[in-house]
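Chemist:
In full-length UniProt numbering, the protein residues as written are 1 to 245.
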């Protein structure tokens, strides 16, 4: 979990950094800032998992920083650190969805509990995003498969599919391999042959017509590819697998 720590007092900031990186595992203070303005510049370039900020600071106070941070990164987790006399002021951060407050001096066990809770929240968000991404990718692959099946007579290339689904050819190639475990070109060839098998068994179409339907302009080339996949010529395949009443 990468943390942006914002605290104007250097000694306190160093102490907090050491505490954060040792109280539980998997926490790293990747960025530090001494005021809200400095922190905002970091947030415009980086996306931390967690923002930990003091309330009273020069240049830009903690509440203004939180407002700007949430505008830039709406799902950013935030912990507010404040002195006893600032706690009511810090509660105003609730309007920005801040759920965690720590009083100075920071209690080690309380900090550990808050960090563990945030880690679990982040893990849940990541799982949810991963599931959504997986669903979207699965839908995309099913769409690509349908396009292939519906356009076998065309010259089906990665460029052809990329134009159809508005994705780059290289991304289509990578996504298809990742989701199906086979190369795009292998799947296209397999789909052509499987469709040809079905047509050979279920219709009386000529071999050269079937070849054209599944995307082969040369019947000779089709027969060569078909035999490589099935160990039979199209005619022999039809004879073997066509049911005789």
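Note that CB positions come from ideal geometry on N, CA and C, so glycine has one too.
None of the values given here were measured: they were computed from a predicted structure.
Excluding sequence positions up to five away, which residues of its chain have a Cβ less than 8 Å from the Cβ of residue 114?
Modeler: So the list reads 79, 100 and 102, once near-sequence residues are dropped.
Chemist: I believe residue 6 touches residue 54 by the beta-carbon criterion, under 8 Å. Please report the beta-carbon distance rounded to the nearest angstrom.
Modeler: Their Cβ separation, rounded to whole angstroms, is 6 Å, which keeps residue 6 and residue 54 in contact under 8 Å.
Chemist: I need the DSSP call for residue 115, collapsed to helix, strand or coil.
Modeler: Here residue 115 sits in helix by DSSP.
Chemist: Hey, would you say residue 107 sits closer than 7 Å to residue 48, going by beta carbons?
Modeler: Not closer than 7 Å, so no.
Chemist: Bridge partners of residue 52, per DSSP?
Modeler: Note: residue 52 sits in a beta bridge opposite 5 and 79.
Chemist: Quick test of the definition: if touching needs 3 or more C-beta pairs under 8 Å, does the region 10-22 touch the region 30-39?
Modeler: Enough Cβ pairs lie closer than 8 Å, so yes.
Chemist: May I ask which residues mark the beginning and end of the alpha helix (DSSP H) holding residue 74?
Modeler: Neither: residue 74 is in no alpha helix (DSSP H) and is coded neither H nor E.
Chemist: Please check the pair residue 191 and residue 152, which I expect to be a contact at CB under 8 Å, by giving their CB distance rounded to whole angstroms.
Modeler: Contact flag correct, Cβ pair sits at about 7 Å.
Chemist: From this set, 82, 52, 178 and 96, which residue's C-alpha is nearest residue 68's C-alpha?
Modeler: Closest option to residue 68, Cα to Cα, is 96.
Chemist: Going by alpha carbons, who is nearest to residue 75 out of 83, 66 and 82?
Modeler: Taking only the C-alpha atoms, the option nearest residue 75 is 66.
Chemist: In three-state terms, what does DSSP make of residue 32?
Modeler: In the structure shown, residue 32 sits in a strand (DSSP, three-state: E or B).
Chemist: What's the call for residue 197, buried or exposed, on a 16-neighbour Cβ count within 10 Å?
Modeler: Under this definition residue 197 is a buried residue.
Chemist: Using a Cβ-Cβ cutoff of less than 7 Å, which residues in the same chain neighbour residue 162 once the five nearest sequence positions on both sides are dropped?
Modeler: Once the five neighbours on either side are set aside, the close Cβ partners of residue 162 are 168, 169 and 172.
Chemist: Less than 8 Å between the CB atoms is what I'm expecting for residue 24 and residue 117, so what's the real figure, rounded?
Modeler: Not a contact, Cβ separation roughly 11 Å.
Chemist: Using the C-alpha atoms, what's the distance from residue 160 back to residue 188?
Modeler: Distance between the alpha carbons of residue 188 and residue 160: 12 Å.
Chemist: Leaving out five residues before and five after residue 38 in sequence, what residues of the same chain have Cβ atoms less than 6 Å from its Cβ?
Modeler: Excluding sequence neighbours, residue 38 sits near nothing in its chain.
Chemist: Rounded to whole angstroms, what is the Cα-Cα separation between residue 184 and residue 148?
Modeler: So the alpha carbons of these two residues sit roughly 10 Å apart.
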